[in-house]
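For our numbering, add 1 to where a residue sits in the sequence shown, where the first one is 1. Below you'll find the structure, written out as structure tokens, and then a few comments.
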Amino acid sequence: MSKVIKRGYFFSDERDFNQKSLPKLYQSAYDYYFLLNREYPVKGALTFVGNHYLLSERQRLSLMRAISSKKDIENRKNKQITNHIENRTVFIDGFNTIITLEVALSQSLLLKCMDGTIRDLASLRGNYRVIDKTEHTIMCIGEILQQYHIDKAVFYLDAPVSNSGRLKMQILELLSVFDYDVEVNVINDVDRVLQKLENVITSDAIILDKCQSWINLNKTIIEQYENQYFFIDFENAEQLKSCYL
């Protein structure tokens, strides 16, 4: 039996993201959103809000990943593809997509973000290992792509990250049962490549801002089992504002 690993679990999350902490967290999120909309620098705005509300590092990270300016949100949503991707080639940000789904299957913290994506607080930092949830995660991706009737799936994995070669072989092996072609590229600069493409599957904000079009695959997968997962919901700005009332 393989060892059970909880991807993205952090012991302090039960304190930092419990029901008692949410009003302060949502107030700080709305203040951060307010500053971003007035073009304050991201780092400075986050430091100001974090210090004002005495936020932990994990709480600050959640704001940085979940909150975006109205301008950025509109730009991303205008490029999002929500249907008619049959017979297309999709380009997948491999670690970004797989890790978020592993976090979901681990019952660790997920963020419903303002731009409609679902993100996590897991930090890759150059190290990755295949865990007991990895196979299930890859098959979830494979099955939803089969439902979309795509022509080809091209995965990109970061070469400097440990075990990228092993993950490549597992993706190719597991997805060989589906009707579409699969390619896995292990390269040094995944973000730069994906920023130039269309039909990109990722939740990485920098890629979303620059790519031609994108598909919100993780949200589609995760929402099928939404009640099973640990979410903090930052998606609705008016909900955040209501914490002041």
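Note that beta-carbon positions come from the ideal geometry of N, C-alpha and C, so glycine has one too. This structure is a prediction, so every number in the text was calculated from the model and none was measured.
| task | May I ask which residues mark the beginning and end of the alpha helix (DSSP H) holding ASN186? | result | In the sequence shown, counting from the first residue as 1, residue 186 sits at position 185. From DSSP, ASN186 is part of no alpha helix (DSSP H) but of the beta strand (DSSP E) over 182-188.
Around the Cβ of ILE188, are there at least 16 other Cβ atoms within 10 angstroms (buried) or fewer (exposed)? For the purposes of this step, residue 188 is taken as residue 187 along the sequence shown, with counting starting at 1. The residue is exposed, with fewer than 16 neighbouring Cβ atoms inside 10 Å.
So, at 6 Å on beta carbons, what are the nonlocal neighbours of GLY51 in its own chain, with the 5 sequence-adjacent residues on each side left out? Working through the sequence shown from its first residue, we reach residue 51 at position 50. Closer than 6 Å at the Cβ level, and outside the excluded window around GLY51, lie ARG61.
Considering Cα atoms alone, identify which of ASP121, TYR226, THR203 is closest to LYS80.
In the sequence shown, counting from the first residue as 1, residue 80 sits at position 79. Closest by alpha carbon: THR203.
For TYR33, three-class secondary structure by DSSP:
As a working note, residue 33 is residue 32 in the sequence shown. DSSP places TYR33 in helix when its eight states are reduced to three.
*asked:* My parser needs the beta strand (DSSP E) runs of 3 or more residues fully inside the region 143-198; what are they?
replied: Listed in chain order, they are 153-159, 182-188.
Give a yes or no on whether the C-beta atoms belonging to GLU87 and HIS150 are separated by under 8 Å. Position 86 of the sequence shown, counting from 1, holds the residue named residue 87. Position 149 of the sequence shown, counting from 1, holds the residue named residue 150. At a Cβ-Cβ threshold of 8 Å, GLU87 and HIS150 count as neighbours.
What would DSSP say about ILE99, mapped onto helix, strand or coil?
Working through the sequence shown from its first residue, we reach residue 99 at position 98. Helix, per DSSP.
### Message
Since ASN219 and THR98 should fall inside the 8 Å C-beta cutoff, what is the C-beta to C-beta distance between them, to a whole number of angstroms?
### Response
Counting from 1 along the sequence shown, the entry for residue 219 is found at position 218. Counting from 1 along the sequence shown, the entry for residue 98 is found at position 97. The beta-carbon separation of ASN219 and THR98, rounded to 6 Å, stays under the 8 Å limit for a contact.
Exercise. Straight-line CA distance for MET2 to GLU136?
Worked result: Position 1 of the sequence shown, counted from the first residue, corresponds to residue 2. Position 135 of the sequence shown, counted from the first residue, corresponds to residue 136. Note on MET2: pLDDT 47, under 50, position unreliable in the model; the coordinate value appears next. The alpha-carbon of MET2 is positioned some 14 Å away from that of GLU136.
From the DSSP secondary-structure annotation, give me the bridge partner or partners of ILE119.
As a position in the sequence shown, residue 119 is number 118, starting the count at 1. DSSP lists LYS113 as partners of ILE119.
task: Throw me the rounded Cβ distance for the ALA154 and VAL183 pair, which I believe falls under 8 Å.
output: As a first step, residue 154 must be located in the sequence shown, where it is residue number 153. As a first step, residue 183 must be located in the sequence shown, where it is residue number 182. With 8 Å as the limit, ALA154 and VAL183 qualify as a contact, their Cβ atoms being about 5 Å apart.
* In its own chain, which residues sit with a C-beta less than 7 Å from the C-beta of MET140, not counting the 5 before and 5 after it? -> Locating residue 140 in the sequence shown gives position 139, counting from the first residue. Excluding the 5 residues flanking it on each side, MET140 has same chain C-beta neighbours closer than 7 Å at LEU175, in chain order.
_With H, G and I counted as helix, E and B as strand and the rest as coil, what does DSSP make of ASP50?_
Walking along the sequence shown from the start, residue 50 turns up at place 49. The question names Asp, but residue 50 in the sequence shown is Val. When secondary structure is reduced to three states using DSSP, VAL50 falls in the helix class.
- prompt: Does DSSP put VAL201 in a helix, a strand or coil?
  reply: Within the sequence shown, numbered from 1, the residue matching residue 201 stands at position 200. DSSP places VAL201 within a strand segment (E or B) once states are collapsed to three.
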